[in-house]
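S.K.: Let me give you the structure first, and then I'll get to my questions.
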Amino acid sequence: MTQVIVHIDERLLEEAQRLSGAKTKEEIIELALHELIHRLRRRQIASHAGAVELELTQEDLRRMREGR
């Protein structure tokens with residue numbers, strides 16, 4: 753684990769703690785980083801939407817749904 757000294761607006765920390773239910777400042781920061789990473793990954797995936805052409809028939813989709 754890395755130790756870092758940062759200056760963060762106390763009001764932001766308090767609101768984040770109240771909204772998230774986090775018990776410590778460390779927990780708030782880790783939660784915020786996880787949320788940021790998750791959001792950026794979703795954005796990255798969304799930017800690739802339509803980049804791949806799939807040629808699937810209705811029958812192919814039906815078989816995939818049925819697990820065959």
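Those letters in the sequence shown? Residues 753 to 820, by this note's numbering.
All C-beta atoms in this analysis are idealised placements derived from N, C-alpha and C, irrespective of residue type, glycine included.
1. Note the first and the last residue of the continuous alpha helix (DSSP H) segment covering L788.
2. So which of L771, Q769, E782, A774 has the shortest CA-CA distance to M753?
3. With 16 other CB atoms within 10 Å as the buried threshold, where does I757 fall?
4. Report the rounded CA-to-CA distance for G773 versus Q796, giving the unit in angstroms.
5. What are the boundary residues of the alpha helix (DSSP H) that includes E762?
M.R.: Judging by the given coordinates:
1. 777 to 799
2. E782
3. exposed
4. 29 angstroms
5. 762 to 772
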